[in-house]
Amino acid sequence: MNNKFNNETRWYKLDNTANIFPVISNKRLSSVFRISVTLKQEIVQNILEEALEETLTCFENFRVKLKRGLFWYYFETNKKPFLVEQEQDYPCTFIDPIINNQFLFKVTYFKRRINLEVFHAITDGGGAINFLKSLTFNYIKLANKNELSDEALNTPSVEVFSDVEDSYIKNHKKVHAKSLGIKKAYRIIDKKIPLSIISTIHGYINTTDLLKLCRKKNVTITQYLSSIMIWCIYKEYLNGQPNKYPINISIPVDLRRFFGSTTSTNFFSIFSVGFIPKNDDYTFDEILEITSNQFKEQLTKENLSKKISLNVSFEKNIFIRFIPLFIKNIILKIIYDKSAKSSTSVLSNLGKIDVPSEFEKYIDNFSLLLDITESEPVKCGVCSYGSKLVCSFTSKFETPYLERAFFRFLQSEGIDVIIESNGVYNENM
Amino acid sequence: MKICKNCKVKVISNNKGCPLCKTVLTPSDEKVIEDIYPIIKTNFKKYNMLTRIFLFLSILGAIVTIIINYATYNGLLWSVISIAFILYFWSIISHAIKHNINIAYKFLVQTICISLLTIIIDYIMGYTGWAVNYVVPELIITANIAVLILIIVNRMNWYNYVLYQMAIVILGFIPLILFFLGIIHEPWSTTISVVVSLMILCGTMIFSDKNVKNELKRRLHF
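Keeping their order, the protein sequence lines are chains A and U. Each residue of the first sequence is one higher than the one before, counting from 228 in the numbering used here. Each residue of the second sequence is one higher than the one before, counting from -10 in the numbering used here.
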């Protein structure tokens, strides 16, 4: 007989932010993000499958299917086998649970790259990177058995075993639910690529060069890059003219480091930085100052704690809890559609990714790709590993004005940029 | 590696143009580059001819019946009945014949749809109450028994059906409410419907195992 605990169907509730994703997601809005790792060797499918199986035992929150309750969605253990495939779709396409054995994530590979695509309901970037790191370590261990030292082979590939705590609830304080106060932001409008095609442009930057520049300006990398984004939208799409709506960039923050959590489910919050272009004579340095001050104001533990508490107070509200799921979904959809208008674009920085020194020589780079939505048709994912920082733009636009301005700006600041793309823009030539 | 004169950036690409500005690239070394993304065969959404034909015929049929009904009006709104049938037909092709939907869920939906259909027919034909008095309670009894057979045949899967079974059980009590409201006059069909529902509720409580109870707990958590 197997362990009784393993045989029983386990289930748990969706965390506080996860509740929104099953409601809003469909083929047009996938709520799927992709983190890829490029190794220095070609990927072999059956080794990857073996590595994945090993990894899944440590991540309970990935081995789930989504079920509907009468009042809420919930996750239930998925006992079906998981399938690894060669990459054959554009990044961040909708994960249809019916064809994916009901799993809410996908692992694909192409040449030297492993892609992990995750439906946002199961985890955020922080949780996904832990999963991908563990998968990569397991893969490297299996693929290089003879080469690696015993010490490396015995290095554990996870730091924490499936912690599925809802850290939002754990860290909330009682507050009264109040209105969120959503304000409309400037929206980029331009000609779009048809159908399900997504354009991807990566820009590889030397981390040390960029850090040096940021130190000189006394800002962080995220502050600097988001300021460039705002600046480029202001210059490219508004032509440097005043506008009544603000240019807002949403920045997701990993809350784990603020609240000392190790959860592998969602634990992030979003805040937005930006400005209303009132005149037509802003300089980049002014925007950089406005933005970095907003970071300092908003990125405090008290402020984040307030946000968490407000969100949890909705979930905990006794009236909301007893509304049947399908009515809840209608309400959530309306709230989401409204709040989506308050942001022009997204910049998500996963930060520096550390790996144990034994594995360093096998890994080339990590990159983050975000899904695009109707209201935010271009987004930027940033992630750095070793001396390589990758800015990856996903976009729905026919002409990459924002990307072009962004990388040209960096280049003009004396930072070398190497561009690689998935060729969507070249196809139109 | 290539260089774009306009953007001043380096480009890794097999293409001749810069992905940012389409300027012709200047090669800086002759190394062969491997593509980092696969060539994707755009999977255009399958053009579902059959569904489109049905949709077209449905709308056409509805409009034609409304016009004929209007032109030959003799106090009977029979076009409402044919439109109700068209809608019912759609409930079958969009739900009942789909293979990945829980069978008990199909029973529940069909019970509700057929009930509504018969009530509409009764109402249009000059209300005599045959639908609510006889058809609706008997439909609910049939659904209750059908799910019961399903569970007996496939006992290991009981927990998958239990939520919908309970929903049908609750439907079984609706005739009782209608009886007290004076909408139903026939006591026998109501009594049988309520008794069957009660027996099934009682049987579920006594015979169900831990799996079934856990499933209910999961589905009803709040």
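Quick reminder that beta carbons are idealized off the backbone N, C-alpha and C, glycines included. Note that the structure is predicted; figures quoted are calculated from it, not measured.
By the criterion of a C-beta distance shorter than 8 Å, A/ILE547 is surrounded in its chain by PHE541, LYS555, once the five residues flanking it on both sides are discounted. Residue environment analysis places A/ALA412 among the buried positions, since at least 16 neighbouring C-beta atoms fall within 10 angstroms of its C-beta. Here A/LEU577 is not near A/CYS607, since their CB atoms are 8 Å or more apart. Straight-line spacing of the CA atoms in A/PRO479 and A/HIS347 works out to 13 Å. The continuous alpha helix (DSSP H) containing U/CYS191 extends over residues 176 to 196. Residues of the segment 137 to 169 of chain U with a Cβ closer than 8 Å to any Cβ of chain A, in chain order: LEU152. Taking each of U/GLN99, U/ILE52, U/SER71, U/ALA73 in turn and checking the Cα distance to U/HIS84, the smallest one comes out for U/GLN99.
Note that the segment 318 to 331 of chain A touches the segment 257 to 264 of chain A; at least 3 beta-carbon pairs, one per stretch, sit closer than 8 Å.
Put simply, the segment 430 to 437 of chain A touches the segment 642 to 652 of chain A. At least three CB pairs are less than 8 Å apart.
CA-to-CA, the gap between U/ASN133 and U/PHE96 works out to about 9 Å. In this structure the segment 274 to 292 of chain A lies against the segment 367 to 383 of chain A, because at least three pairs of beta carbons, one per stretch, are closer than 8 Å.
DSSP lists A/THR265, A/PHE337 as the bridge partner or partners of A/ARG340. Residues ASN328 of the same chain have their beta carbon placed closer than 7 Å to that of A/LEU310, with the five preceding and five following residues left out of the count. U/ILE25 belongs to the set of residues whose beta carbon lies under 8 Å from a beta carbon in chain A. Taken in chain order, the unbroken stretches of beta strand (DSSP E) that lie wholly in the segment 537 to 625 of chain A and span 3 residues or more are 572 to 579, 590 to 596, 605 to 612, 615 to 622.
The C-beta of A/TYR461 comes no closer than 8 Å to any C-beta of chain U. For A/SER361, the enclosing alpha helix (DSSP H) starts and ends at 352 to 370. Between A/SER477 and the set A/GLU603, A/PHE330, A/SER491, A/PRO383, the nearest pair of CA atoms involves A/GLU603. From the beta-carbon of A/VAL617, no residue of chain U is found nearer than 7 Å; the closest lies around 12 Å away. Counting along the chain, A/THR449 sits inside no beta strand (DSSP E); it lies in the alpha helix (DSSP H) bounded by residues 448 to 463. Only PRO627, GLU630, ARG631, PHE634, ARG635, GLN638, SER639, ASP643, VAL644, ILE645, ILE646, GLU647, SER648, ASN649, GLY650 from the segment 626 to 650 of chain A bring a Cβ to less than 8 Å from some Cβ of chain U.
For A/ASP481, the enclosing beta strand (DSSP E) stretches over residues 474 to 481.
Residue environment for A/ASP581: exposed (fewer than 16 other C-beta atoms within 10 angstroms of its C-beta). Not one beta carbon of chain A lies nearer than 8 Å to the beta carbon of U/ASN58. Annotated as proximal: A/VAL500 and A/THR518, with beta-carbon spacing under 8 Å.
Under the criterion of beta carbons closer than 8 Å, A/PHE498 and A/ILE457 do not qualify as touching, at roughly 14 Å.
In the DSSP assignment, no residue is bridged to U/GLN154.
The closest CA to that of A/PRO473, considering only A/LYS292, A/PHE593, A/LYS568, A/LYS615, is found on A/LYS568.
Counting only residues of its own chain and dropping the five nearest sequence neighbours on each side, U/ILE189 has a CB closer than 6 Å to the CB of ASN133, VAL158. A direct Cα-Cα distance of roughly 21 Å separates U/ASP18 from A/LYS615. Listed in chain order, the non-local C-beta contacts of U/PRO16 below 6 Å within the same chain comprise LYS(-9), local neighbours out to five positions each way being set aside. One thing to note: A/LEU574 has its Cβ within 8 Å of the Cβ of A/SER453.
When beta bridges are read from the DSSP output, A/VAL387 appears opposite no residue. Under the Cβ criterion (8 Å, minimum of three pairs), the segment 385 to 403 of chain A does not count as touching the segment 585 to 596 of chain A. Residue contact check for A/GLN315 against chain U: a CB pair falls below 8 Å. In the three-state scheme derived from DSSP, where H, G and I count as helix and E and B as strand, U/THR15 is classed as strand.
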